[in-house]
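See structure below.
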Amino acid sequence: MPQYAAIIYSKDVDWTLPEYATDMKEYNEFGQAAATVIRGGAALYQTSTATTVRVQGGKGGDVVATDGPYAETKEALTGFYLLECADLDEAIKLAAQIPAAWDGAVEVRPVIDFGG
Amino acid sequence: MTEPEARAALVRLVRDEGRRVLATLARVTGDLPLAEDAVQDAAVRALESWPRDGVPAEPRAWLTLTARRRAIDILRREAARAGKEAATMNGAAVTEPDEPPPPETVRDDLLRLVFTCCHPALAVETQVALALRTLCGLTVAEVGAALLVPEATMAKRLTRARQKITKAAIPYAVPADHELPDRLRGVLAVVYLLFTTGYAPTGAPRLELVDEAVRLTRLLRELMPGEPSVLGLLALELLQDSRRAARHGADGAPVLLADQDRGRWRRDLVEEGVVLVGEGLRRTPDVPDPYVVQAAIAACHALAPTWGDTDWSAVVSWYDVLLTVADTPVARLNRAVAVGERDGPAAGLAAVDAVDELGGYPLWHAARAELLARLDRVDDADTAYAAALAIPQDDAQLTHLRRRRARLGDRT
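As you go down the protein sequences, you meet chains R and P in turn. All residue numbers for the first sequence refer to numbering that gives the first Met the number 0, where the first residue is 0 and numbers rise by one. All residue numbers for the second sequence refer to numbering that gives the first Met the number 0, where the first residue is 0 and numbers rise by one.
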């Protein structure tokens, strides 16, 4: 069965703070409801904790680490789920139950199967 | 039959049958791009050998067999290149019996194909291109020409679409009952977009698009015979298409409905359309379907012997119904124009002025201009035409509006 990354774009906050307990509860509810198809995933700290790394001058060149995310957007990449679904319709149906879908957006992308 | 006619009939046959073969092969292999390549190849061979050897007694069986062999060849070659036994599952699937499947299976396969090509996860322009390529069986070059997109660009767009269908696993399935109304609306929107692109209000009509849209709608009716919105869309298209020969003057300029030579309208299409409207209305006693209602309005025009003899009360009433299910500014403008015909230009002008959010739409200004002229307010009419002409639009429409403005002079 194909797998999909459900990439979450939402408000850029520290989800561990008590004021986001309600949000976390909603995510936990989704996690339980979709437990049979969730193959992995993670929630991320806010983009102010991000470091963007580039190597200049090709492989082995200078490592340049800059403060902040790769792209500054209104809604930030704040996490993802790895979902295993029969097809895109099923993946869309699941993605629509992730809280970010009504409080941001969820991008559904098929995962490459390297057949390993 | 002349030679080009015979050729066209053959192309038609290969496309119609090829589409059915494709639908089944896509299901059997679970691989739409593979099925498309195989059927395309079989179609090319048919167009080479049939004129020489004669059309086989069972064209579909011939195409099925040829396409299946081709699919197996492609799979074997891919497996060999990958150096593995792979694709055995697909390989086994294509070595099913060679007889074409029963009609009801083909019907279901075609429906699946329709819903895959018109899947909302694909951009609308991609859905339109896929409809022409996959459902109508046009070549990539023909699709590009029909949609005025360079062939290379169209090839890229279609390749991306095929990749998305495969990689994202867009299902090859008819949606569940509770999703069907929404998804069907999407399918019909794509088909009607094909039709209206063919009859874009200005510029030369692209009749091949109109013909493909009508064929596709007829196919949908065959696949979903009782679906009122399909009946309505087919009726609407046939009634609009019945005016084909009268829509443009000898110089290619568009002719307004009011000025068309109704003797050139195709009565057979009008009759078929009117019957379909009736059937569509009977099947939607509670909630009117927007396509059926638009077709009912088109039927009022189609049945009127002249513009002046049109039953404007009926037209206005149908617009009132339409606004309850599909309220758009353009529908309100058309209703206002009908009010002007029913109740006179002063009432019409008041109704048009009430649709004031269309200030950026040239035809709103043109409608005002017409009504002002009929009220003998020629200077105001001229100002309204000037406003219409000041809005950026394509040359054909500008020419048309300038011509109408010039006619104002006749009144003074």
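Using N, Cα and C, we set each Cβ at its ideal position, and we do this for glycine too. What you are looking at is a predicted structure, and each value in this text was computed from that prediction instead of being measured.
| field | Partners in chain P for Asp22/R, counting only beta-carbon separations shorter than 7 Å | value | Within chain P, no residue comes near Asp22/R; the closest Cβ sits about 27 Å away, beyond 7 Å.
| Cross-chain neighbours of Leu87/R in chain P, by beta carbon under 7 Å | Taking the beta carbon of Leu87/R as reference, the chain P residues within 7 Å of it are Ala120, Ala167, Ala168, Ile169, Pro170, listed in sequence order.
| request: Assign Met88/P to buried or exposed, taking buried as 16 or more other Cβ atoms, counted over all protein chains shown, within 10 Å of its Cβ. | output: Since pLDDT at Met88/P reaches only 49, below the 50 mark, its modelled position is unreliable, and the value read off the structure follows with that caveat. Label assigned to Met88/P: exposed.
| field | Residue nearest to Asp13/R in terms of C-alpha spacing, selected from Asp66/R, Thr46/R, Glu71/R, Lys92/R | value | By alpha-carbon distance to Asp13/R, the top candidate from Asp66/R, Thr46/R, Glu71/R, Lys92/R is Thr46/R.
| task | Could you please give the first and the last residue of the uninterrupted alpha helix (DSSP H) stretch that includes Val329/P? | result | 328 to 342
| His247/P by DSSP, collapsed to three states: which one? | strand
| request: Taking only the alpha-carbon atoms, compute the straight-line gap between Leu479/P and Ala70/P and give it to the nearest angstrom. | output: Residue coverage of chain P in this structure runs from 0 to 411, which leaves residue 479/P outside it and unanswerable.
| message | For Ile91/R, which residues in the same chain have their Cβ closer than 7 Å to its Cβ, ignoring the five residues on either side in sequence? | response | Cβ neighbours of Ile91/R within its own chain (closer than 7 Å, five residues either side excluded): Val107.
| said: To the nearest angstrom, how far is the alpha carbon of Leu81/R from that of Ala199/P? | reply: 45 Å
| field | Within chain P, the residues that Pro123/R reaches when beta carbons sit closer than 8 Å | value | Outside the shown range of chain R (0 to 115) lies residue 123/R, about which nothing can therefore be said.
| message | Using 8 Å as the threshold, is the C-beta distance between Tyr69/R and Thr51/R below it? | response | Contact flag set, yes.
| query | Under a CB-based cut-off of 8 Å, is Ala86/P close to chain R? | reply | Legend: pLDDT at Ala86/P = 49, less than 50; position of this residue unreliable, value from coordinates given subsequently. Chain R, which has no Cβ nearer than 8 Å to the Cβ of Ala86/P, makes this no.
| task | Compare the C-alpha of Glu124/P against each of Thr104/P, Thr152/P, Val105/P, Thr138/P and name the closest. | result | Thr152/P
| Beta-carbon separation of Leu21/P and Leu112/P under 8 Å? | yes
| When you compare only the Cα positions, how much space is there between Ala34/R and Glu25/R? | About 14 Å.
| request: For His399/P, count neighbouring C-beta atoms within 10 Å of its own C-beta (all shown protein chains included) and say buried if the count is 16 or more, exposed if not. | output: buried
| message | With three or more C-beta pairs closer than 8 Å as the rule, is the stretch 245 to 261 of chain P touching the stretch 294 to 307 of chain P? | response | yes
| Under a CB-based cut-off of 8 Å, is Pro17/R close to chain P? | Contact of Pro17/R with chain P is not assigned, every C-beta pair being separated by 8 Å or more.
| field | Cross-strand partners of Glu106/R (DSSP beta bridge) | value | Ile6/R
| field | Residues that Pro1/R contacts on chain P, provided the C-beta gap is smaller than 9 Å | value | Counting only Cβ-Cβ distances below 9 Å, Pro1/R has contacts in chain P at Lys166, Ala167, Ala168, in chain order.
| request: Per DSSP, which residues does Asp61/R bridge with? Please list them. | output: Gln55/R
| Own chain partners of Ala421/P with C-beta closer than 7 Å, once the 5 adjacent residues on each side are dropped | The structure shown has nothing for residue 421/P, since chain P only spans 0 to 411.
| request: Pair every Cβ in the stretch 261 to 274 of chain P with every Cβ in the stretch 217 to 230 of chain P, then say whether three or more of these pairs are closer than 8 Å. | output: no
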